[in-house]
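Residue numbers (my numbering), protein chains in the order written: chain A, 335 to 732; chain B, 335 to 732. Don't be surprised by glycine CBs; every beta carbon is placed ideally from N, CA and C. First up is the structure itself, then whatever we jot down about it.
Protein chains: 2
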Amino acid sequence: MTALQDIVVLDLGQIYNGPYATFLMAMAGARVIKVESLTGESLRGRGLTSSAAYPFEMLNQSKESVSLDLKHPDGKALFLDLVRQADVVLENFSPDTMERLGLGYEQLEKVNPGIIYAAGSGYGRSGPHRDYLAMDITVQAMSGLMSITGTEGGDPLKSGAAVCDFFGGVHLYGAIVTKLYERQRTGKGAMIDMAMQDAVLPTLASVFGAYYFNDRQLPPRTGNRHPALTMAPYNVYRARDGHVAVICVRDGHWRSLLTAIDREDLLARADLEKMMDRAAHMEEVDQVVGDWIAGQSRQDALTRLQAHGVPASVVRNIEEIMTDEHLHQRGTLNRVTHPVLGELVMMNSAINTATGAEVSPRPAPALGEHTHEVLRDLLGLNESQLNDLQDKGVTGQP
Amino acid sequence: MTALQDIVVLDLGQIYNGPYATFLMAMAGARVIKVESLTGESLRGRGLTSSAAYPFEMLNQSKESVSLDLKHPDGKALFLDLVRQADVVLENFSPDTMERLGLGYEQLEKVNPGIIYAAGSGYGRSGPHRDYLAMDITVQAMSGLMSITGTEGGDPLKSGAAVCDFFGGVHLYGAIVTKLYERQRTGKGAMIDMAMQDAVLPTLASVFGAYYFNDRQLPPRTGNRHPALTMAPYNVYRARDGHVAVICVRDGHWRSLLTAIDREDLLARADLEKMMDRAAHMEEVDQVVGDWIAGQSRQDALTRLQAHGVPASVVRNIEEIMTDEHLHQRGTLNRVTHPVLGELVMMNSAINTATGAEVSPRPAPALGEHTHEVLRDLLGLNESQLNDLQDKGVTGQP
């Protein structure tokens, strides 16, 4: 028994943004059917030997695949028949793509008034920027994230992680399940227009805070320091064999830290007692902490600080994360043997990890692997009809 | 009529992670009751004149506040009575805090088997790292995000945005609504153990992909270039008056770009035609694009590229975002006059913007502002009982 076991999703998502929302749905038990062109979804197209292979495999776990030509009149008709059987349609094409196919929300609502149409995009389907093509890097730039990432005096930098794509995707998931919940009561469908930019803006709450606090002065990039420079210690310090992140969010943390690093002499410094004062003495505070950490291994520094109740961690690389026993024990990561890619560390849905859902994910589907199965199951087509569609090029070869 | 209008949430969330989940719930119509100590939730404590004022106001829109001493036996009893009337309890305290109060999931489930207990933390309530204290910066370090953010050869860098806090918060929201949906069918409550680290790992999909693609070599930091260095153009280029982000995710984008920048001579270069080849010529590709952009204003560059169907944007700062007509038209941002802080640009819930929910958010509550109202409403307490509780210090002064 899974949470979304009664839900059918037609997934036209491409690359990361849309597919992450439907990944979360598939892992929560929904029947997610990737509806792909006869040449396959973009991310699939980069091939199994590309760097996109792992992301594709990860994001499309437990989904089925139907290959359908939506430009063919018979393909359109089939799609509308599928919509009648579905609860959710999701896409993250460039604006008006579905409308030009005659398959926009207005058309789908007519065949199924209860349909939840979930559209992902960079900036939204309304507003002056609706037609701006967008990818994660361009939304990181447009949304303000880059302007406050980077060293003091350095150039604006992107996060190395695709944060905008995934913020968009998870908020799309949140909106879909919210509307599914509401539909239980009202029976009504909905149009969801989720912009990656809208989804990522709240992460700038501290920066908006800094702007207002500093009389509407533009906050500078602060490297690894606090965005408003109003908290110390708050930094990443060099250890003998790596880097250690430390933050004291309460004055009690600072007192504990001084004990941990054998600097209880500084407890007498009244001008370091409160956060605001420590922030005013940021260079000195960073030196005190940094000097101590420089003489430690990163693990020793972490262990000692945590033992004294000071929030700290180490900067870890991908390999350390992939082999992290903590993540494997929680089931966040799992070692799998992929039929083509071999031994992999596969990511779970964080929602499944959090809820203890015991789901054995299936590998991502081959293109059109489930075309016949889905059309038989949901539309009752017979062998002769299925072969005819394939011959006409309305559906693809499995 | 709002999606979650029938839901009551007891919100013990602090700072960003937990409160973002309950912010999304409050904005979706749930009755969210902040249950605070008599001195108030941490983020509130930094004061209305601190840089934390705006984040507090933003995250606690449309919530009520009850001040309750959970260490007092009468306070505990009252809380359990409230749990009987509630659907969701949320907290993001350090591990075992609630258990030590005798108010952990095991106890709450006894008084209300249908309760959904949502716990947010850095690394989760299970596993070898369960007891590591965590904040956004330490999770950015631990989760791998910092190791792949920064310039080639530079130090590991945090995102200037609190991405881990908010990924944790929105996945918590997604998990809660998923369980509420499931509960409609099963009647059963649930324990949700959402780790910020688990929630943010999927953003590293490209980096895991790079690792496997490069025969398990550690991916370096790549500045503003593609994480696996397998796509070009993909970068942020200096214009006369700022920076422009450009990405060509299809070969067609490259051809369009060459037309846009009057370099159709390069269409003849067979060794730049396909993405893999352009990636192999990354320096040259960046020079071609960079030279053109260097001679443009950033807006001219953006306009011309977008007009030719090339995904591009400009690097914007906080002020440009706060005054962005697009964001105001969509309702993502709204100008408000705050009773204490004055004129502010307030953020909406991205889910409300996406679903067109017409919600007029209420300002964040003062500490204990609704104590009497809530205890009267949900528990039927009378004036004399309420005054008695206040006199005993079980509840705070409003």
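Please give the ranges of any beta strand (DSSP E) in the stretch 373-439 of chain A, keeping only runs that are unbroken, at least 3 residues long and fully inside the region.
As summarised for the stretch 373-439 of chain A, the continuous beta strand (DSSP E) elements at least 3 residues long and confined to that stretch are 398-401, 422-425, given in chain order.
Would you verify that the beta carbon of A573 of chain B is, or is not, closer than 9 Å to some beta carbon of chain A?
By this cut-off, A573 of chain B is not an interface position.
Selected residue, minimal CA-CA separation from G436 of chain B, among B:G454, B:E707, B:L412
Among B:G454, B:E707, B:L412, the Cα nearest to that of G436 of chain B is on B:L412.
Cβ closer than 8 Å: which chain A residues qualify as neighbours of Y457 of chain B?
Correct list: H660.
Kindly provide the ranges of any alpha helix (DSSP H) runs that are 4 or more residues long and lie completely inside the stretch 340-365 of chain B, ordered along the chain.
Counting whole runs of 4 or more residues, the stretch 340-365 of chain B contains the alpha helix (DSSP H) stretches 351-361.
Quick one: Cα of K397 of chain B to Cα of G702 of chain B, how far?
Going from the Cα of K397 of chain B to the Cα of G702 of chain B covers about 11 Å.
Within-9 Å CB hit, M335 of chain B to chain A:
At least one chain A Cβ lies under 9 Å of M335 of chain B.
Quick check on DSSP: helix, strand or coil for T671 of chain A?
Strand.
DSSP on D465 of chain A, reduced to helix/strand/coil?
When DSSP states are grouped into helix, strand and coil, D465 of chain A belongs to the coil group.
Check distances from the C-beta atoms of the stretch 505-523 of chain B to those of chain A and list, in chain order, the residues that come in under 8 Å.
Residues H505, L506, Y507, G508, A509, V511, T512, K513, L514, Y515, E516, Q518, R519, T520.
Could you tell me which of B:K368, B:N651, B:H615 sits nearest to L393 of chain B, measuring between CA atoms?
The shortest CA-to-CA distance from L393 of chain B to any of B:K368, B:N651, B:H615 is the one to B:K368.
Please state the DSSP three-state secondary structure of A337 of chain A.
Of the three classes helix, strand and coil, the one that applies to A337 of chain A here is coil, per DSSP.
Do L667 of chain A and M680 of chain A have their C-beta atoms closer together than 9 Å?
With respect to M680 of chain A, L667 of chain A sits close: the two C-beta atoms are nearer than 9 Å.
Can the beta-carbon of S323 of chain A be found closer than 9 Å to that of L552 of chain B?
It is not possible to answer for residue 323 of chain A, since the shown part of chain A is limited to 335 through 732.
The beta strand (DSSP E) spanning A579 of chain A covers which residue range?
Run containing A579 of chain A: 576-581, per the beta strand (DSSP E) assignment.
Tell me whether R710 of chain A sits in a helix, a strand or coil according to DSSP, three-state version.
Under the three-state reduction of DSSP, R710 of chain A is assigned to helix.
Apart from the five residues on each side of it in sequence, which residues of its chain come closer than 7 Å, Cβ to Cβ, to Y466 of chain B?
Excluding residues within five positions, the ones whose Cβ falls inside 7 Å are G456, Y457.
Please classify D620 of chain B: does DSSP put it in a helix, a strand, or coil?
For D620 of chain B, the three-state secondary structure derived from DSSP is helix.
Could you tell me which residues DSSP puts in a beta bridge with S455 of chain A?
Per DSSP, A:A529.
Looking at chain A, is there any beta carbon in it that lies within less than 9 Å of the beta carbon of I685 of chain B?
Under the 9 Å criterion on CB atoms, I685 of chain B is classed as interfacial with respect to chain A.
Closer than 8 Å, Cβ to any Cβ of chain B: which residues of the stretch 527-547 of chain A, in chain order?
Answer set for the stretch 527-547 of chain A: D527, M528, A529, Q531, D532, A533, V534, L535, P536, T537, L538, A539, S540, V541, F542, G543, A544, Y545, Y546, F547.
What does DSSP give as the partner residue(s) for R572 of chain B in the beta ladder?
Paired residue(s): B:H577.
Of the residues A:L358, A:L404, A:M469, the one placed nearest V292 of chain A, counting alpha carbons only:
This structure cannot settle anything about residue 292 of chain A, because the visible part of chain A is limited to 335 through 732.
Looking at the secondary structure, which residues open and close the alpha helix (DSSP H) in which A646 of chain A lies?
From DSSP, A646 of chain A is part of no alpha helix (DSSP H) but of the beta strand (DSSP E) over 646-648.
Cα-Cα separation, H505 of chain B to S718 of chain A
Answer to the nearest angstrom: the Cα atoms are 45 Å apart.
So with CB distances below 9 Å, who are the chain B contacts of Q395 of chain A?
The contact set of Q395 of chain A on chain B, defined by CB atoms closer than 9 Å, is empty, because the minimum CB distance reaches about 11 Å.
List, in chain order, every chain A residue whose beta-carbon is nearer than 8 Å to that of A362 of chain B.
The CB of A362 of chain B comes closer than 8 Å to the CB of T512 in chain A, given here in chain order.
How would you list, in chain order, the residues of chain A whose beta-carbon sits under 7 Å from the beta-carbon of V649 of chain B?
Residues of chain A passing the Cβ test: A475, M480, S481, P490.
Quick check on A691 of chain A: does DSSP put it in helix, strand or coil?
The answer is coil: DSSP assigns A691 of chain A none of H, G, I, E or B.
Reference I526 of chain A; option with closest CA among B:H406, B:G665, B:I685:
Minimum Cα distance to I526 of chain A is reached at B:I685.
For L552 of chain B, the three-state DSSP class (helix, strand or coil)
Coil at L552 of chain B, not helix or strand.
Select from A:A386, A:G381, A:A453 the residue whose C-alpha is nearest the C-alpha of A355 of chain A.
The shortest Cα separation from A355 of chain A among A:A386, A:G381, A:A453 belongs to A:A453.
Quick one: is D345 of chain A buried, meaning 16 or more other Cβ sit within 10 Å of its Cβ, or exposed?
By the beta-carbon neighbour count (other beta carbons within 10 angstroms, threshold 16), D345 of chain A is buried.
Boundaries of the alpha helix (DSSP H) in which E653 of chain A is found, first to last residue:
First-last of the alpha helix (DSSP H) with E653 of chain A: 652-656.
What in chain A is Cβ-close to M469 of chain B, meaning under 8 Å?
Ordered by position in chain A, the residues that pass the 8 Å Cβ test against M469 of chain B are I581, V583, P645.
Can you say whether Q630 of chain A is buried or exposed, counting buried as having 16 or more other CB atoms within 10 angstroms of its CB?
Classification for Q630 of chain A: buried.
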